[in-house]
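Peer 1: Below: one structure in structure tokens.
Protein chains: 2
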Amino acid sequence: MKMQQLRYIVEIVNQNLNVTETANALYTSQPGISKQVRLLEDELGLEIFERNGKHIKSITPAGKKIIAIARELLVKAESIKSVANEYTRPDHGVLRIATTNTQARYMLPSVVERFSKQYPDVSLHIHQGSPTQIHDALMSGEVDLAITTEAPYLFDDLIQLPCYLWNRSAIVKADHPLAKVKNLTIEALGQYPLVTYTFGFTGVSDLDYAFNAAGILPNIVFTATDADVIKTYVRLGLGVGIMASMAHTELDHDLVAIDAGHLFRSSMTQIAFKQSTFLRNYMYDFIEYFSPHLTRPMVEKAERLRDNNAIKKLFDNVKLEVK
Amino acid sequence: MKMQQLRYIVEIVNQNLNVTETANALYTSQPGISKQVRLLEDELGLEIFERNGKHIKSITPAGKKIIAIARELLVKAESIKSVANEYTRPDHGVLRIATTNTQARYMLPSVVERFSKQYPDVSLHIHQGSPTQIHDALMSGEVDLAITTEAPYLFDDLIQLPCYLWNRSAIVKADHPLAKVKNLTIEALGQYPLVTYTFGFTGVSDLDYAFNAAGILPNIVFTATDADVIKTYVRLGLGVGIMASMAHTELDHDLVAIDAGHLFRSSMTQIAFKQSTFLRNYMYDFIEYFSPHLTRPMVEKAERLRDNNAIKKLFDNVKLEVK
DNA sequence: CGGGCTTACGAATATCGTAACGATA
DNA sequence: TATCGTTACGATATTCGTAAGCCCG
Numbered sequence: 001m002k003m004q005q006l007r008y009i010v011e012i013v014n015q016n017l018n019v020t021e022t023a024n025a026l027y028t029s030q031p032g033i034s035k036q037v038r039l040l041e042d043e044l045g046l047e048i049f050e051r052n053g054k055h056i057k058s059i060t061p062a063g064k065k066i067i068a069i070a071r072e073l074l075v076k077a078e079s080i081k082s083v084a085n086e087y088t089r090p091d092h093g094v095l096r097i098a099t100t101n102t103q104a105r106y107m108l109p110s111v112v113e114r115f116s117k118q119y120p121d122v123s124l125h126i127h128q129g130s131p132t133q134i135h136d137a138l139m140s141g142e143v144d145l146a147i148t149t150e151a152p153y154l155f156d157d158l159i160q161l162p163c164y165l166w167n168r169s170a171i172v173k174a175d176h177p178l179a180k181v182k183n184l185t186i187e188a189l190g191q192y193p194l195v196t197y198t199f200g201f202t203g204v205s206d207l208d209y210a211f212n213a214a215g216i217l218p219n220i221v222f223t224a225t226d227a228d229v230i231k232t233y234v235r236l237g238l239g240v241g242i243m244a245s246m247a248h249t250e251l252d253h254d255l256v257a258i259d260a261g262h263l264f265r266s267s268m269t270q271i272a273f274k275q276s277t278f279l280r281n282y283m284y285d286f287i288e289y290f291s292p293h294l295t296r297p298m299v300e301k302a303e304r305l306r307d308n309n310a311i312k313k314l315f316d317n318v319k320l321e322v323k
Numbered sequence: 001m002k003m004q005q006l007r008y009i010v011e012i013v014n015q016n017l018n019v020t021e022t023a024n025a026l027y028t029s030q031p032g033i034s035k036q037v038r039l040l041e042d043e044l045g046l047e048i049f050e051r052n053g054k055h056i057k058s059i060t061p062a063g064k065k066i067i068a069i070a071r072e073l074l075v076k077a078e079s080i081k082s083v084a085n086e087y088t089r090p091d092h093g094v095l096r097i098a099t100t101n102t103q104a105r106y107m108l109p110s111v112v113e114r115f116s117k118q119y120p121d122v123s124l125h126i127h128q129g130s131p132t133q134i135h136d137a138l139m140s141g142e143v144d145l146a147i148t149t150e151a152p153y154l155f156d157d158l159i160q161l162p163c164y165l166w167n168r169s170a171i172v173k174a175d176h177p178l179a180k181v182k183n184l185t186i187e188a189l190g191q192y193p194l195v196t197y198t199f200g201f202t203g204v205s206d207l208d209y210a211f212n213a214a215g216i217l218p219n220i221v222f223t224a225t226d227a228d229v230i231k232t233y234v235r236l237g238l239g240v241g242i243m244a245s246m247a248h249t250e251l252d253h254d255l256v257a258i259d260a261g262h263l264f265r266s267s268m269t270q271i272a273f274k275q276s277t278f279l280r281n282y283m284y285d286f287i288e289y290f291s292p293h294l295t296r297p298m299v300e301k302a303e304r305l306r307d308n309n310a311i312k313k314l315f316d317n318v319k320l321e322v323k
């Protein structure tokens, strides 16, 4: 069993069982991969992929388990390289983060600015996507850290750390009737067409929950995955925007934000990484820049605890910032 | 980075940094290992081993971390092979257990008998040793399961499952004054020279605790790592034996066992394995044979929980057998 | 000077790419 | 018939063993 072979079978799965694509992705020849896969299968004495004649059709049950373990193994191999780099080039490396548009656009810039100044030789890659995509990117090892607001993914080997709480504001044009309202109510919101986040994004369930509790069926006329699009359509007069308060900036002087924090449950932004990944020194710093209470000792304590319930307790007496 | 290279560096550490021994252990040539180690070090750009001229002197800090990860990686590789064997030869394989003499001698035989009948093609290897050796054997991957009575090893990637409780008896020859005592007291024990387990074995701390609590300094004249040796010296008249009650069998008709369960804290026997190991089907069965409440679903639930505190809770309402 | 690591070198083996083939949809 | 995996084969690398060299205690 060679690591290459494991890399091949994992990448074949990543490429939806297309060996030719896999060869391209790995910059090697397609027959080479076929052969190595066969050799591995011979060594293990079973088929990892089910073939239909000469086409790969699916993964066998045994193959699924093997690939899952192979993934973990390859992460360990990456960790070894990271450890080596940590010693040979302490402040050189890559930091890959998956997050939602809102985080990338409104929360990360100041952190990134500080980080880049401190670590000019660490190249930063921000992957944007839906919570599902973020989760996949993290689990497949495409990224090192995930910053999300969605529900915790239980039973995964993830360490999840609480960063801060945030809530929503209603966004309207300055001439909108709601613009002068002092105490926004859920009923008032229910009277207007709404523009908000697409389902599955940044705490939409908290929004649903509040309307349901009030017995109101909200008239959602448009959804988008990011606040900029929401603002654009609010400007077009399509409806009242409901979005993360932090997405309303001083540049939006034509729009009025009416705090709606009392109407909806707060969402929590978390930073997550796989239990098995080796964190570079600069990654600890990035985490602390993002959330000052997540100091390196705290993060390491959480790593040792492993269990997310225990981690939750660890931060019970930390007062999270509200944004 | 090749798996072979990782195997080499891990084995060099296992062999106390002696490369020649490592070569023998791995059935290969010594220069081959030296070369591969150098190649790995070149690739990683750092030294894993510190050399004094041409002798390997110690492990570098980076090397320590790398070797720790390499160990985990190799366990994953073994897991892949196990998965394959599980599918191709379900009832064939190896089961390696590390345990103390008392377990091996008095508790395992019936389990092994049943297991061997059920799985004639699984070869069983029982490693005996001190709790420390058992722990090491488990962590280094020498064995699959550990059966111990010692304190839980926290912060290790171990799953620990409670098996049963046991306590001690005082063992004397039939003509000994204590032989006719109905209610044994700690003070009575304190009047005689004692023969018991060596420190670090099978719950010696519970024994110390009871004597300390009673303000008695026990006169321990002889200690041994196993009950058979203790019995032998009791027969020689060296003193009163204190050992696991289950170690007194019908063959010991010349010795009288006086239950001392009310004098000492019960010890708990646990079965442990590394979180990262893949358990073969027959391993689940072995565990259940050993402790009927540890059914496969229960063990799998514990594996998912990972956290030993959570696991403890899982078994809170299970009434453990007392042996 | 002997145990123990490294270097040198050659044989066996493995890997990988190109080209040709075959099968499926 | 086009797409995609397998087979064949040769060039190149890698691995591993033997033999010789070298250094430290």
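First to last, the sequence lines map onto chains Y and F. All residue numbers for the first sequence refer to my numbering, where the first residue is 1 and numbers rise by one. All residue numbers for the second sequence refer to my numbering, where the first residue is 1 and numbers rise by one. Cβ coordinates follow ideal geometry from the N, Cα and C atoms, glycine included.
Quick one: is Y:TYR87 near chain F, going by C-beta distance under 8 Å?
Peer 2: Within the first sequence, residue 87 of chain Y is the residue found at index 87, counting from 1. Yes, because at least one Cβ of chain F sits closer than 8 Å to the Cβ of Y:TYR87.
Peer 1: Tell whether a beta-carbon distance below 8 Å holds between Y:CYS163 and Y:THR249.
Peer 2: Residue numbering aside, residue 163 of chain Y sits at position 163 when the first sequence is read from its first letter. Residue numbering aside, residue 249 of chain Y sits at position 249 when the first sequence is read from its first letter. Contact flag unset, no.
Peer 1: Considering just the uninterrupted stretch of the beta strand (DSSP E) at F:SER123, what are its terminal residues?
Peer 2: By one-based count along the second sequence, residue 123 of chain F stands at place 123. It spans 122-128 - the beta strand (DSSP E) in which F:SER123 sits, taken as one unbroken run.
Peer 1: Using a C-beta to C-beta distance shorter than 8 Å, which residues of chain Y count as neighbours of F:MET283?
Peer 2: Position 283 of the second sequence, counted from the start, is the residue given in the question as residue 283 of chain F. Within chain Y, no residue comes near F:MET283; the closest Cβ sits about 15 Å away, beyond 8 Å.
Peer 1: Taking the Cβ atom as the reference point for each residue, do Y:ILE159 and F:SER79 lie within a distance shorter than 8 Å?
Peer 2: Against the first sequence, residue 159 of chain Y aligns to sequence position 159. Against the second sequence, residue 79 of chain F aligns to sequence position 79. Against a cut-off of 8 Å, the Cβ pair of F:SER79 and Y:ILE159 comes out as no contact.
Peer 1: Can you confirm whether the segment 127-136 of chain Y touches the segment 162-182 of chain Y when touching is taken to mean that 3 or more C-beta pairs between the two stretches lie within less than 8 Å?
Peer 2: Because the criterion of three Cβ pairs below 8 Å is not met, the segment 162-182 of chain Y and the segment 127-136 of chain Y do not touch.
Peer 1: Starting from F:GLY63, trace the alpha helix (DSSP H) in both directions and tell me its first and last residue.
Peer 2: By one-based count along the second sequence, residue 63 of chain F stands at place 63. That run of the alpha helix (DSSP H) goes 61-88.
Peer 1: Measuring CA to CA, which of Y:THR149, Y:ASN101, Y:SER140 and Y:GLU21 is closest to Y:ASP156?
Peer 2: Along the first sequence, read from residue 1 onward, the residue named residue 156 of chain Y stands at position 156. For Y:ASP156, the nearest C-alpha among the options comes from Y:SER140.
Peer 1: Check whether the Cβ of Y:ALA302 lies closer than 8 Å to any Cβ atom in chain F.
Peer 2: Here residue 302 of chain Y refers to the residue found at position 302 when the first sequence is read from its first residue. Not an interface residue.
Peer 1: Out of F:VAL111, F:VAL195 and F:LEU44, which one is the CA nearest neighbour of Y:LYS81?
Peer 2: Looking up residue 81 of chain Y in the first sequence gives position 81. The residue with the shortest Cα to Cα distance from Y:LYS81 is F:LEU44.
Peer 1: At the 8 Å Cβ level, is F:GLY141 part of the contact set with chain Y, yes or no?
Peer 2: By 1-based counting over the second sequence, the position of residue 141 of chain F is 141. Chain Y, which has no Cβ nearer than 8 Å to the Cβ of F:GLY141, makes this no.
Peer 1: Whole beta strand (DSSP E) runs in the segment 197-258 of chain Y with 3 or more residues, listed along the chain?
Peer 2: With a minimum length of 3 residues, the continuous beta strand (DSSP E) runs that stay inside the segment 197-258 of chain Y are 220-224 and 240-244.
Peer 1: Measure from the C-beta of Y:GLY200 to each C-beta in chain F and report whether the shortest distance is under 8 Å.
Peer 2: The residue given as residue 200 of chain Y occupies position 200 in the first sequence. Closer than 8 Å: no.
Peer 1: Count the other C-beta atoms from every protein chain shown that fall within 10 angstroms of the C-beta of Y:GLN5, then say buried if there are 16 or more, exposed otherwise.
Peer 2: Locating residue 5 of chain Y in the first sequence gives position 5, counting from the first residue. That one is buried.
Peer 1: Over what stretch of residues does the beta strand (DSSP E) that includes Y:ILE147 continue unbroken?
Peer 2: The count along the first sequence starts at 1 and reaches residue 147 of chain Y at position 147. Residues 145-148.
Peer 1: Step through the CB atoms of chain Y and report whether any lies within less than 8 Å of the CB of F:ARG280.
Peer 2: Taking the second sequence and counting its residues from 1, one reaches residue 280 of chain F at position 280. Not an interface residue.
Peer 1: Taking a cut of 7 Å between CB atoms, which residues from the segment 54-77 of chain Y lie near chain F?
Peer 2: Result list: ALA62, LYS65, ILE66, ILE69, ALA70, GLU72, LEU73, LYS76 and ALA77.
Peer 1: For F:LEU101, count neighbouring C-beta atoms within 10 Å of its own C-beta (all shown protein chains included) and say buried if the count is 16 or more, exposed if not.
Peer 2: Within the second sequence, the letter at position 101 stands for residue 101 of chain F. Reading off the sequence, residue 101 of chain F comes out as Asn, not Leu. Buried is the call here.
Peer 1: DSSP has Y:LYS274 in a bridge; who is on the other side?
Peer 2: To locate residue 274 of chain Y, count along the first sequence from 1; it is residue 274. Answer is Y:LEU158.
Peer 1: Can you confirm whether Y:SER267, when its beta carbon is compared against all beta carbons of chain F, has any partner nearer than 8 Å?
Peer 2: Translated into the one-based positions of the first sequence, residue 267 of chain Y becomes position 267. Y:SER267 does not count as touching chain F.
Peer 1: Please list, in chain order, all residues of the same chain as F:HIS127 whose beta carbon is under 6 Å from its beta carbon, the five residues on each side excluded.
Peer 2: Working through the second sequence from its first residue, we reach residue 127 of chain F at position 127. Same-chain partners within the cutoff: ALA98, ALA137 and VAL143.
Peer 1: Kindly indicate if chain Y contains any beta-carbon less than 8 Å away from that of F:ARG296.
Peer 2: Locating residue 296 of chain F in the second sequence gives position 296, counting from the first residue. No, F:ARG296 lies away from the interface with chain Y (no Cβ there is under 8 Å from its Cβ).
Peer 1: I need the boundaries of the alpha helix (DSSP H) containing Y:GLY141, first residue and last residue.
Peer 2: Position 141 of the first sequence holds residue 141 of chain Y. Counting along the chain, Y:GLY141 falls outside any alpha helix (DSSP H), and DSSP gives it neither H nor E.
Peer 1: Cβ of F:SER266 within 8 Å of Cβ of F:VAL195?
Peer 2: For the purposes of this step, residue 266 of chain F is taken as residue 266 along the second sequence, with counting starting at 1. For the purposes of this step, residue 195 of chain F is taken as residue 195 along the second sequence, with counting starting at 1. Against a cut-off of 8 Å, the Cβ pair of F:VAL195 and F:SER266 comes out as no contact.
Peer 1: Tell me, please, whether the segment 47-66 of chain Y touches the segment 12-31 of chain Y by the rule of three or more beta-carbon pairs shorter than 8 Å.
Peer 2: The segment 47-66 of chain Y, when compared against the segment 12-31 of chain Y, does touch it at the 8 Å Cβ threshold.
Peer 1: Counting beta carbon pairs with one atom in the segment 103-123 of chain Y and one in the segment 283-291 of chain Y, are three or more of them shorter than 8 Å?
Peer 2: The answer is yes - the segment 103-123 of chain Y touches the segment 283-291 of chain Y, with three or more Cβ pairs under 8 Å.
Peer 1: Under 8 Å between the Cβ atoms of Y:PHE315 and Y:LEU145?
Peer 2: Start at 1 with the first residue of the first sequence, and residue 315 of chain Y comes out as number 315. Start at 1 with the first residue of the first sequence, and residue 145 of chain Y comes out as number 145. Cβ atoms of Y:PHE315 and Y:LEU145: not closer than 8 Å.
Peer 1: Tell me the residue span of the alpha helix (DSSP H) that contains Y:SER110.
Peer 2: What you label residue 110 of chain Y is simply residue 110 of the first sequence in a count that begins at 1. Residues 108-118.
Peer 1: Just checking, does the segment 207-218 of chain Y make contact with the segment 177-184 of chain Y on the three C-beta pairs under 8 Å criterion?
Peer 2: The segment 207-218 of chain Y is not in contact with the segment 177-184 of chain Y.
Peer 1: For F:GLU50, which residues of its own chain have a beta-carbon under 6 Å away from its beta-carbon, when the five flanking residues on both sides are left out?
Peer 2: Position 50 of the second sequence, counted from the start, is the residue given in the question as residue 50 of chain F. Excluding residues within five positions, the ones whose Cβ falls inside 6 Å are LYS57, SER58 and THR60.
Peer 1: Give a single yes or no on whether F:LYS54 has its beta carbon closer than 7 Å to a heavy atom of the ligand COA.
Peer 2: No copy of the ligand COA occurs in the structure displayed, which carries no ligand at all.
Peer 1: Counting only Cβ pairs nearer than 8 Å, list the residues of chain Y close to F:ARG306.
Peer 2: As a first step, residue 306 of chain F is located in the second sequence; it is residue number 306 there, counting from the start. Under the 8 Å cutoff, chain Y gives ARG306 and ASP307.
Peer 1: Any contact between the segment 82-95 of chain Y and the segment 25-42 of chain Y? By contact I mean 3 or more CB pairs, one from each, below 8 Å.
Peer 2: Touching, no.
Peer 1: As a quick exercise: from F:PHE222, F:LYS2, F:LYS76 and F:LEU161, pick the residue whose alpha carbon is nearest that of Y:LYS65.
Peer 2: Here residue 65 of chain Y corresponds to residue number 65 of the first sequence, with the count starting at 1. Closest option to Y:LYS65, Cα to Cα, is F:LYS76.
Peer 1: What does F:ILE80 reach in chain Y if we use C-beta pairs closer than 7 Å?
Peer 2: By one-based count along the second sequence, residue 80 of chain F stands at place 80. MET1, ILE66, ILE69 and ALA70, listed in chain order.
Peer 1: What is the residue span of the alpha helix (DSSP H) that Y:SER29 lies within?
Peer 2: What you label residue 29 of chain Y is simply residue 29 of the first sequence in a count that begins at 1. First-last for Y:SER29: undefined, no H or E at that position.
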